[in-house]
Every structure is written in structure tokens, then in C-alpha cells.
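**Student:**
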Amino acid sequence: MNTPIDEFGINAGKIWETITHNGSLMTQTKLQKMTKLSDEAFFSAIGWLARENKINKTGIVYRLGETNLTQKIGSNAGKIWNMLSKQKEADLSSIAKRINGDVQDVHSALGWLARENKIDTIRGKNHQIFIRLK
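When you number the sequence shown by the working numbering, it's gap-free, plus one each residue, and the end is 136.
1. Looking at the unbroken beta strand (DSSP E) that takes in Ile124, where does it start and where does it end?
2. Out of Gly126, His109 and His129, point me to the one whose CA is closest to Leu39's CA.
3. Closer than 8 Å by C-beta to Thr137: which residues in its own chain qualify, once you throw out the five before and the five after it? Chain order, please.
4. Spatial neighbours of Leu27 within its chain, please: CB distance less than 7 Å, with the 5 preceding and 5 following residues excluded, ordered by chain position.
5. Sort Asn128, Gln130 and Gln73 by Cα distance to Ala111 and report the nearest one.
6. Is Thr60 helix, strand or coil by DSSP?
7. Given Asn58, which residues of its chain have a CB within under 7 Å of its CB, disregarding the five upstream and five downstream residues?
8. Just list the residues that DSSP pairs Phe132 with in beta bridges.
9. Residues in the same chain with beta-carbon distance under 7 Å from Ile75, minus the five sequence neighbours each way, listed in chain order, please.
10. Could you give the first and the last residue of the continuous alpha helix (DSSP H) run that contains Leu39?
11. Assuming Thr22 is part of the alpha helix (DSSP H), what are its boundary residues?
12. Report the CB separation of Met3 from Thr20 in whole angstroms; it is logged as a contact under 8 Å.
13. Within this structure, are the beta carbons of Ile124 and Arg117 separated by less than 8 Å?
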């Protein structure tokens, strides 16, 4: 069974393959429809690909190539890393509050950190997911 971190990479591969085989300019809506990814899975995969310097976004269109997403995603990843280095672990809602971000911001940054092999997940009570540094 794959961990949530494994899924980030698998989903990044789905997005990369979809763009490669179906055209270089694709919207989030079209990519999500073709890959059947939830918002959370989609943005984690985008963060993963951004860290690999393989995807960029212009307006509402994603395409493969040198990333232009480093400033926002990388900055949020740094905020999350600093937070986790001080408090060991946090749930997704705590992380969102800390970085003043939404689902997109949090999951993109987590995808970035996952690609760097810096985070791990643990399941708490009621299947709540907590993020911690490796």
C-alpha cells in the first residue's frame, strides 16, 4: 500500500504523462478530469513537479518546462519546514493557518517538500493526517 507521500510522486507522474500525451497547454480542470485527481492530490503533484523544475503555469494553463512556481510554492514550503522544525508535527489545518494559505498553497508546498524527501505523514485519531519532518 502506498503512503500519502508515495501518492504525491505517482500523481505527479500522471500529470506529466497526461500533458506529454495530450498537448502541452492544459487547464487545471482538464488535467483533473483526465487524471481523476482531487484538488489535494492535484496540487501536491504540482508542487512535486515544480520542485523538479518540470512544470509552469501561465494564467490558467499548465505546461511542461522550466518552472515559474518556485517563489510561491518554495516560500510556503520553507514556512512549513520552519514550523515543523519547531513543533515536530502538525495537521493540515494548522499548517494552512500558519502560512495563511488555502488547500492549493498547503498541498503544493507539501508536494515540494515530499519531492525533497523532507517530510513524512502519520495518521492520528479519526484518520487525521499529520505531517512531520523526516
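We put the CB at the ideal spot given by N, CA and C, even for glycine.
**Tutor:** By the coordinates alone:
1. By one-based count along the sequence shown, residue 124 stands at place 122. Unbroken beta strand (DSSP E) run through Ile124: Ile121 to Arg125.
2. Walking along the sequence shown from the start, residue 39 turns up at place 37. Checked all of Gly126, His109 and His129; the closest Cα to Leu39 is His109.
3. Residue 137 lies beyond the range of the chain shown here (3 to 136); nothing can be said about it.
4. Your numbering for residue 27 matches position 25 in the sequence shown. Result list for Leu27: Val63 and Arg65, in chain order.
5. Position 109 of the sequence shown holds residue 111. Of the listed residues, the one whose Cα sits closest to Ala111 is Gln73.
6. If you number the sequence shown from 1, residue 60 lands on position 58. Strand.
7. Mapped onto the sequence shown, residue 58 falls at position 56. Arg65, Gly67, Glu68, Thr69, Asn70 and Leu71.
8. Here residue 132 corresponds to residue number 130 of the sequence shown, with the count starting at 1. Its beta-bridge partners are Asp93 and Ile124.
9. Within the sequence shown, residue 75 is the residue found at index 73, counting from 1. Same-chain partners within the cutoff: Gly49, Ala52, Ser110, Ala111 and Trp114.
10. For the purposes of this step, residue 39 is taken as residue 37 along the sequence shown, with counting starting at 1. Element bounds for Leu39: n/a, residue is neither H nor E.
11. Residue mapping note: residue 22 aligns to position 20 of the sequence shown, counting from 1. Run containing Thr22: Pro6 to Asn24, per the alpha helix (DSSP H) assignment.
12. Sequence index remark: in the sequence shown, residue 3 carries index 1 (1-based). Sequence index remark: in the sequence shown, residue 20 carries index 18 (1-based). Actually they do not touch by this definition, with Cβ atoms about 24 Å apart.
13. Taking the first residue of the sequence shown as position 1, residue 124 is located at position 122. Taking the first residue of the sequence shown as position 1, residue 117 is located at position 115. Not closer than 8 Å, so no.
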